[in-house]
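*Asks:* The structure follows.
Numbering (this note's numbering), first residue to last: 140 to 398.
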């Protein structure tokens, strides 16, 4: 971890300040040590404060890690707030020297970002629907033999051909019929599930105007990770995943990873 310390800067905000502006190109990622960070998204005629964070170790600005490397909202911190700042260019350089260390760091970022997700839904913990029955799916006899066919998919695009061949051997393919539930929001993740083909709804709950409300997002892009897993601790499923659409079968690559 000395390598991480070497590229980190410990900062104490002297006064209230905007740490990141909405749509600003990201050059740093931040980690809250002590204090308060408020996340706000601005629209043409209104703004929405979607999260207030005080929990130590929460990453700030994770949306800047994804293409097109811009912050999805404004991050405002109060005076006296302590945080760690790391330049993304330094992380990329370190990745070339020690990919395992950076992999562990990114796993930690995903793990500690969970509190931000819960806060954005105005909940203390994720909602759980005990009436939902999870389908075991149907194991497929087929295996992935043409890695170039899935190489461009979102999740696999950063892997080399050699790493991808090793990775796909860890898992298996399952198929799900329309209207079957694959994982449930709030349950502990049992592995990594990646959409290979088909269409699913990601259902989630939030607290709005004194009521618990259910929302959903439709996901169709091949290569999207529908659950999280790192081997470093328990991840909870951020969504209930339900198969949907015209097609009958949906194929997932299920992984059980231990780093």
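Don't be surprised by glycine CBs; every beta carbon is placed ideally from N, CA and C. Remember, predicted model here, so these are calculated numbers, not experimental data.
Do three or more CB pairs link the segment 250–268 to the segment 324–344 at distances below 8 Å?
*Replies:* Touching, yes.
*Asks:* Pick out the complete alpha helix (DSSP H) segments inside the segment 141–229, 4 residues or longer, and give them in chain order.
*Replies:* Entirely contained in the segment 141–229, the alpha helix (DSSP H) runs reaching 4 residues are, in chain order, 141–145.
*Asks:* DSSP three-state call for residue 264: helix, strand or coil?
*Replies:* It is coil, neither helix nor strand.
*Asks:* What's the call for residue 395, buried or exposed, on a 16-neighbour Cβ count within 10 Å?
*Replies:* Reliability fails at residue 395, whose pLDDT of 47 lies under 50, so the model's placement of it is uncertain and the value that follows must be treated cautiously. Classification for residue 395: exposed.
*Asks:* Sort 349, 309, 325 and 347 by Cα distance to residue 331 and report the nearest one.
*Replies:* Taking only the C-alpha atoms, the option nearest residue 331 is 309.
*Asks:* Excluding the 5 residues flanking residue 186 on each side, which residues of the same chain have their C-beta closer than 6 Å to its C-beta?
*Replies:* Hits under 6 Å: 179.
*Asks:* Out of 201, 161 and 197, which has the shortest C-alpha to C-alpha gap to residue 183?
*Replies:* The shortest C-alpha separation from residue 183 is found at 161.
*Asks:* Would you mind reading off the limits of the beta strand (DSSP E) that contains residue 243?
*Replies:* Looking at the DSSP string, residue 243 is not in any beta strand (DSSP E); the run it does join, the alpha helix (DSSP H), is 238–251.
*Asks:* Quick check on DSSP: helix, strand or coil for residue 329?
*Replies:* Residue 329 falls in the coil class under three-state DSSP.
*Asks:* Report back the beta-carbon spacing between residue 204 and residue 214 to the nearest angstrom; my notes put them in contact at under 8 Å.
*Replies:* Between residue 214 and residue 204 the Cβ distance is about 14 Å, and since that is not below 8 Å, they are no contact.
*Asks:* Mapping the DSSP letters down to three states, classify residue 386 as helix, strand or coil.
*Replies:* The pLDDT assigned to residue 386 is 44, lower than 50, so where the model puts this residue is not dependable; a value taken from the coordinates is nonetheless given after this. In the structure shown, residue 386 sits in coil (DSSP, three-state: anything other than H, G, I, E or B).
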